[in-house]
Amino acid sequence: QEEGPLTATQLKAMTGLSRPSVADLVERLTGAGLIEVVGESGEQRRGPNARVYGIVARRAYLAALDVRTDSATAVVADLLGRPLAQAALPVDAVDEAVDVLEALGREAGADGLHTVVVGAPGLVAPAGELRSTAGLPAWHRDLVAALQRRLPAAVVVENETNLAALAEQRVGAAR
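Note that this note's numbering gives residue 393 to position 152 of the sequence shown, counting from 1, and the numbers run on in steps of one.
If you want it as structure tokens, here you go:
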């Protein structure tokens, strides 16, 4: 939501979708609780004011676990990507990582986490398993399985370099 809250007309212009398609999309996203009316626009023109729609940031909470060779950082954010809670933990504490993510979710006011993304050095197999993570044997063997076993969230594992490239594309120099 880089553009902030938008009207249906603005959504139509940005996406190139037809007016009926935008109306259907807005109706479905509103029905799913992902967007809501956050205001009105068009006070300077005739006719009814246009509704302004925004993402419901509290609809879902996401967690990221940045695994390094000697430490790890966990962050919980809302759907707008705003960090709500953060903690550091030792790299060899698999069970502690799950406990920390659960505690951060509670601290952020989340009923539960929707998705957990783990960024780690090394190769990630197509099935989402960490492979060839020199210096991280406990994380390599146990982290993803522990997260999947104990958290009711989707767990995604990605190489840290790939995640850094995505971040640069989204908010950094590669925009």
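Glycine included, every Cβ here is placed at the ideal spot set by N, Cα and C.
Between the CA atoms of residue j and residue i - distance to the nearest angstrom
i	j	result
Q410	N400	16 angstroms
P362	R309	7 angstroms
L342	A304	7 angstroms
V357	R390	13 angstroms
T402	V365	11 angstroms
P289	H355	37 angstroms
L330	L407	24 angstroms
Q251	A368	39 angstroms
R287	S262	25 angstroms
Sub-9 angstroms separation of residue i and residue j beta-carbons
i	j	result
V419	E348	Residue 419 lies beyond the range of the chain shown here (242 to 416); nothing can be said about it.
R260	A273	no
L266	R299	no
E277	V297	yes
Y302	L270	no
L325	L345	yes
A387	V335	yes
L371	V396	no
A338	L384	yes
Residue i, enclosing beta strand (DSSP E) - first and last residue
i	result
G360	356-361
L325	324-330
Element boundaries [alpha helix (DSSP H), containing residue i]
i	result
E370	Looking at the DSSP string, E370 is not in any alpha helix (DSSP H), and its letter there is neither H nor E.
E409	401-412
A249	249-256
G245	Run containing G245: none; DSSP gives neither H nor E here.
A386	385-391
G346	335-348
Own chain, CB closer than 6 angstroms to residue i, minus 5 neighbours either side, in chain order
i	result
L404	G360
Nonlocal neighbours in the same chain, by C-beta distance under 8 angstroms from residue i, ignoring five residues either side
i	result
M255	E244, L247
Neighbourhood of residue i by C-beta distance below 7 angstroms, restricted to the same chain and skipping five residues each side
i	result
G283	N290, A291
A351	Y302, V317
G280	P246, V293
Any alpha helix (DSSP H) of 4 or more consecutive residues that is wholly inside the region 259-317:
260-272
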